[in-house]
Amino acid sequence: GAGVSQSPSNKVTEKGKDVELRCDPISGHTALYWYRQSLGQGLEFLIYFQGNSAPDKSGLPSDRFSAERTGGSVSTLTIQRTQQEDSAVYLCASSPVDRPNTEAFFGQGTRLTVV
Amino acid sequence: DAKTTQPNSMESNEEEPVHLPCNHSTISGTDYIHWYRQLPSQGPEYVIHGLTSNVNNRMASLAIAEDRKSSTLILHRATLRDAAVYYCILRETNYGQNFVFGPGTRLSVLP
């Protein structure tokens, strides 16, 4: 079946522009996570959605970052006024339910380059 | 957050078994132990998880110490495709917990 889909796969933008990154989770998955991974680094948690609950935004690095999840499905991560340090791979994951014994499924990521 | 520690890197020869260790001395009684791996230029993928008993699946085996303060991911016959960064993660019982990734172990497989 279809996995987690992210678009675009690559994005090059000029410093100061806004960008939107999209994540289509696996159908029926209620939990959705965003991470970013700078070159050669580990995964940094950004934001987490679970059903209709308020999202956990504790990982967002600044107020330039925001995310939405419409209808409990598709999610968009928006970065305003991009900076060069925002260059990274942005990864989205979804999970069937929010329980500690369930696995998460990751997309292939969006590679963002800010020039 | 409960934390895990893993060696930064390990090396293995192709077709030999690999034992990847993870220490989680602050684990609480109901935390699950998960392993993920990340192949080059890909998103992480699930490998295996367990609570107390050892677990086997088509990808790997998970051996959990009796006191649960450590675990070992076992790849029975390493292939070149197994070269990846392996992450050991604790999933806490409270709802609303994200997956906390440490730096992981970079596994190199030599032909």
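One line per chain: the protein sequences are V and B, in this order.
So in the working numbering, spot 47 of the first sequence is number 47, and the numbers just go up one at a time.
Basically the working numbering = 1-based index in the second sequence + 115.
A virtual CB, placed ideally from N, CA and C, is assigned to each residue, including glycine.
Minimum C-alpha distance to residue i - residue among the options
| i | options | result |
| --- | --- | --- |
| B/Met125 | B/Thr119, B/Pro136 and B/Asn171 | B/Pro136 |
| V/Ala2 | V/Thr13, V/Val19, V/His29 and V/Gln80 | V/His29 |
| V/Gly72 | V/Asp86, V/Gly107, V/Arg81 and V/Ala54 | V/Ala54 |
Where residue i sits in the DSSP three-state scheme
| i | result |
| --- | --- |
| B/Thr145 | coil |
| B/Gly165 | strand |
| V/Asp63 | coil |
| V/Leu77 | strand |
| V/Gln84 | helix |
| V/Thr70 | helix |
| B/Asp182 | coil |
| B/Leu177 | strand |
Contact with chain V by residue i, beta-carbon distance below 8 Å
| i | result |
| --- | --- |
| B/Arg196 | no |
| B/Asn171 | no |
| B/His164 | yes |
Close Cβ partners of residue i (< 7 Å) along its chain, the five nearest in sequence each way excluded
| i | result |
| --- | --- |
| B/Asn169 | Ser176, Leu177, Ala178 and Ile179 |
| B/His134 | Thr187 and Ile189 |
| V/Ala88 | Arg36, Gln37, Ser38 and Leu112 |
Interface flag, residue i vs chain B, CB-CB below 8 Å
| i | result |
| --- | --- |
| V/Gln108 | yes |
| V/Gly42 | yes |
| V/Pro100 | yes |
Own chain partners of residue i with C-beta closer than 6 Å, once the 5 adjacent residues on each side are dropped
| i | result |
| --- | --- |
| B/Asn159 | Per the sequence presented here, residue 159 of chain B reads as Pro, with Asn not at that position. Answer for B/Pro159: Tyr151 and Gln153, listed in chain order. |
Please determine if the region 46-54 of chain V and the region 163-183 of chain B are in contact, where contact requires at least 3 C-beta pairs separated by less than 8 Å. no
Under 8 Å: do the region 21-28 of chain V and the region 189-203 of chain B share three or more Cβ pairs, one atom per stretch? no
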